[in-house]
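Scroll down for the structure; my scribbles are underneath it.
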Amino acid sequence: MAAMMSLPGQTWAVEGQYESFIDNRGHQLIDLSGGFGLQVPEVVQAVSRQVDKIGLSNRVLLSAPLIELCKQLSEFMPEGLENSYVCNSGDEAFEGALKLVRSINPHRRTVIAVGGVAFGSLSYGRYLSAPELYPESGEFLGIKVVHVDSVHDLPDMAIWQDCFALCYGPLRTAANGLLEAVDPMLIASLERIANSQRVATLFNDVDTCLGSVGHLLSQSLSGARPDIVVLGKSLGGGCIPIGTYTCSHALAYKAYGKVSPAKHGSTTAGNPPSCIAARTALHYAQEHRLDQRSLDNGKALATELADFNAKAIGGIVKVPLASTEQAVEAQRALYAAGVHIRRPSGRELLLRCPLVARTERVVDAARLIKRTLQYAA
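Note that this note's numbering numbers the sequence shown so that position 132 is 141, with each residue one more than the last.
Below is the structure:
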């Protein structure tokens, strides 16, 4: 296991389980950076058994674990979403989903996206997330993006007529730099127009799937009903990266006809070990009610930090601070105190409980955070 940490000096995890780990300097930490969790025995053992049979390979075009994963996803998804494609990562899956819908309307050039949603780090995702920072990507891809932030700035019909995809997710970073749930009214309004204009809708659940916001599928947070759902990150069970996108058979047929591509799209995507990791993670999330565990852990964390105006969105707890600089300093202090979080990008700390985190360790982390913030104040 080697998880790089976002601090100077190149620290990384060398040993750990669930939400706790020891870094390369012998420092014991509680991980509140999100994800599935570290070295979950059920996932590790299942993957190890598969690796003993056959490891990562780009020569396995079709396998029983791949077919079984696609079947399991069709049962996990809402009715009507039954056709899955498997990729190396969630970011790659989002790219694949966009390419699928673009093939249906190849002459259209516009993507309408909810502003502030993180769509990934590859070509489409990076451009959709921050088009002002990557104009060359838009030129290269031959697309333009229109961001929508509220029901008061819906695109006019001329924009919709050139649109081939509506992209959204459960969370967004607002103009004030704070994380928030996407407004359900905004999603409902956008979906209604998209459906009337026959524009495909893509829901990016890469960073939040399997329970992070209190729902196994994060679209339930807002009542979204997308045409395509993209999963990743936690889907790999904290063991092997994997991503998927799932649509209806009708949408896949519309894009590809009878010549549907393989169930995986590149290099080692869809290899047996990663499919076993995903199958085990899906089963574990449902059997252990990781959505409810996230709600419980988020509530426990926010309650302990109520004096700092902490608010929970499922298992993600937001602690507002005066500035981004203060948040970055707090992150460093927390690492020294024994709590690892992601590097802040705004003026708040985002405490993300791993899906398998034990509540008693989350409370331990909350007390360390409380002591650290009180000292800093």
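Every residue, glycine too, gets a C-beta built ideally from N, C-alpha and C.
All of these numbers come straight from a predicted model, not from anything done at the bench.
Residue environment, residue i, which counts as buried when at least 16 other CB atoms sit within 10 Å
i      : result
Ala167 : exposed
Lys108 : exposed
Asp32  : buried
His349 : buried
Pro193 : exposed
Pro115 : exposed
Thr217 : buried
Lys62  : exposed
Phe149 : exposed
Met13  : In this prediction, Met13 has a pLDDT of 44, which is less than 50 and means its spatial position is unreliable; nothing more can be read from the coordinates.
Glu101 : buried
Thr312 : exposed
Tyr265 : exposed
Val126 : buried
Ala294 : buried
Inter-residue CB distance, residue i and residue j (contact presumed, cutoff 8 Å)
i      : j      : result
Glu104 : Tyr143 : So it is not a contact: roughly 14 Å between Cβ atoms.
Asp300 : Gly223 : 6 Å
Gly46  : Pro363 : 4 Å
Val123 : Arg181 : 6 Å
Ala309 : Val365 : Between Val365 and Ala309 the Cβ distance is about 15 Å, and since that is not below 8 Å, they are no contact.
Ala278 : Asn92  : In fact, because the Cβ distance is near 16 Å, the residues do not count as touching under 8 Å.
Gly89  : Gly129 : Not confirmed; about 25 Å, so no contact.
Contact set for residue i: own chain, Cβ-Cβ below 7 Å, skip 5 residues either direction
i      : result
Pro164 : Ile121, Val155, Val157
Leu330 : Ala336, Ala339, Arg356, Glu357, Leu358
Gly64  : Pro282
Ala374 : Ile39, Leu41, Val348
Pro140 : Gly147, Val154
Gln81  : Arg288, Leu291
Closest Cα partner of residue i within the set the options
i      : options                        : result
Leu75  : Gly347, Thr289, Gly323, Arg376 : Thr289
Ile325 : Val23, Leu41, Glu28, Gln37     : Leu41
Ile113 : Leu131, Glu200, Arg207, Thr368 : Arg207
Cys79  : Ser231, Tyr254, Gly151         : Tyr254
Ala197 : Val215, Gln228, Ser221         : Gln228
Gly44  : Val191, Arg361, Val23, Phe317  : Arg361
Asp162 : Ser221, Leu195, Ser138         : Leu195
Asn185 : Ala315, Pro87, Thr333          : Thr333
Cys176 : Ala294, Glu189, Asp214, Leu71  : Asp214
Own chain residues within Cβ distance below 8 Å of residue i, not counting five before or after
i      : result
Leu187 : Lys327, Pro329, Gly355, Arg356, Glu357
Leu377 : Ile39, Leu343, Ala346, Gly347, Val348
Asn318 : Val328, Pro329
Gly307 : Gly223, Ala321, Ile322, Gly323, Gly324, Ile325, Val326, Cys362
Ser29  : Gln37, Leu38, Ile39, Asp40, Leu47, Arg370
Gly151 : Arg118
Tyr27  : Gly46, Leu47, Gln48, Val49, Pro363, Val365, Ala366, Arg367, Arg370
Residue i CB to nearest heavy atom of the ligand MG below 6 Å
i      : result
Asn280 : In the structure on display, the ligand MG does not appear, and there are no ligands present to speak of.
Cutoff 6 Å; reference residue i; Cβ partners in own chain excluding five residues on either side
i      : result
Ala287 : Leu78, Leu244, Ile251
Cβ contact (3+ pairs, closer than 8 Å) linking the segment 279-296 and the segment 230-238 = At 8 Å Cβ cutoff, the stretches do not touch.
Three or more C-beta pairs below 8 Å linking the segment 244-251 and the segment 47-56 = The segment 244-251 is in contact with the segment 47-56.
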